[in-house]
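Inspection log for the structure reproduced underneath, given as structure tokens.
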Amino acid sequence: MVINKKDMARYDLSKIMKRAHNLYKNAHAKYPTFADALRKSWNMAKFEVRVAEERQAIEAETKAREAKVREENEQAAISSVLLQAQIEADRIRREAEAKAERMKGEIAARKEGISYNEYQNRISRAMGYGCGSYCGD
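Residues in the sequence shown are numbered from 700 upward in steps of one, following the numbering used here.
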């Protein structure tokens with residue numbers, strides 16, 4: 700087993716030695732030599748570091764996923780606001796067009812010297828509504 704300086708910085712050497720001593724002292728039947736206990740202690744330390752790194756990777760992935768979901772929700776909220784604004788603008792435009800059409804009808808009725816209702820009735824009769832001769836579309 701080769702240990703380089705990078706490993707020395709990553710591992711708590713005091714903890715490894717204490718664990719090896721405890722393994723040798725308490726599990727002498729399983730680890731008959733101190734070298735066996737030290738080898739097991741190093742393997743345990745490496746496993747702990749690997750588990751800690753994987754846990755950090757999983758946590759980072761979870762945070763990234765949560766950030767993505769949060770971003771998608773914010774974009775959906777923005778889209779919803781824009782859609783509502785577009786719907787409201789369309790409604791206002793339709794109301795304005797209807798009002799303009801009515802005003803045109805009222806102006807035409809005044810030119811003929813009749814009320815707007817009479818003007819509407821004339822148009823309806825001219826199109827075949829209300830006189831029993833409507834043939835459908």
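The beta carbon of each residue, even a glycine, is placed where N, CA and C say it ideally should be.
On the CB-based measure, 16 or more other CB atoms within 10 Å of its CB, does residue 736 come out buried or exposed? buried
Tell me the start and end of each unbroken alpha helix (DSSP H) in the region 800 to 834 that is at least 4 residues and wholly inside, in chain order. 815 to 826
Can you tell me which of the three DSSP states residue 789 falls into? helix
Residue environment, residue 828, which counts as buried when at least 16 other CB atoms sit within 10 Å: exposed
Pick helix, strand or coil for residue 727, following the three-state DSSP scheme. Residue 727 falls in the coil class under three-state DSSP.
Closer than 8 Å to chain C by CB, residue 798: Looking at the structure shown, chain C is missing, and only one protein chain is on hand.
Leaving out the 5 sequence neighbours to the left and right, which residues in its chain are closer than 6 Å to residue 710 when beta-carbon positions are compared? 744
Whole-angstrom distance between residue 787 and residue 797, CA atom to CA atom: For residue 797 and residue 787, the distance between alpha carbons rounds to 15 Å.
Distance check for residue 805 and residue 791, CA to CA, integer angstroms please. 21 Å
Straight-line gap, residue 821 to residue 795 (C-alpha atoms, nearest Å): A straight line joining the alpha-carbon of residue 821 with that of residue 795 spans about 24 Å.
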